[in-house]
Amino acid sequence: AQEKHRVAMGSLESARATLERKVEDLRGFEREYRTRLKSYLESQLRQLETQSDDSLAPPRVSSTPSLPPSPSPSMAPAGA
Numbered sequence: 006a007q008e009k010h011r012v013a014m015g016s017l018e019s020a021r022a023t024l025e026r027k028v029e030d031l032r033g034f035e036r037e038y039r040t041r042l043k044s045y046l047e048s049q050l051r052q053l054e055t056q057s058d059d060s061l062a063p064p065r066v067s068s069t070p071s072l073p074p075s076p077s078p079s080m081a082p083a084g085a
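So the number in our numbering is just where the residue sits in the sequence shown, counting from 1, plus 5.
Written out as structure tokens, the structure is:
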């Protein structure tokens with residue numbers, strides 16, 4: 006009975022060690038994933054801030070005057 010108990014405990018200890026290694030691997034993966042996700046989100050925020058800063062800038066004045074939009078057929082005079 007003691008031998009059976011010893012074999013079972015050895016097997017359980019081995020399984021435990023394997024699971025602990027897997028948990029550590031997953032923790033490392035989580036750390037790396039969070040770091041990469043944080044960097045990505047920060048870069049997206051910087052890009053968004055840059056775009057919003059550009060949209061707040063005064064519009065550029067072109068040297069050529071822009072033409073008014075041409076009237077659509079529905080806006081044409083009735084007699085035409």
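Each residue gets a CB set at the ideal place from its N, CA and C atoms; glycine is no exception.
For residue i, the three-state DSSP class (helix, strand or coil)
{"i": "ALA6", "result": "coil"}
Distance between residue j and residue i (C-alpha atoms, nearest Å)
{"i": "ARG51", "j": "GLY33", "result": "27 Å"}
{"i": "LYS9", "j": "GLU18", "result": "14 Å"}
{"i": "ALA85", "j": "SER60", "result": "With a pLDDT of only 45 at ALA85, under 50, the local geometry of the prediction cannot be trusted, and the value read off the model is given with reservation. Their Cα atoms are separated by approximately 42 Å."}
{"i": "THR55", "j": "LEU24", "result": "46 Å"}
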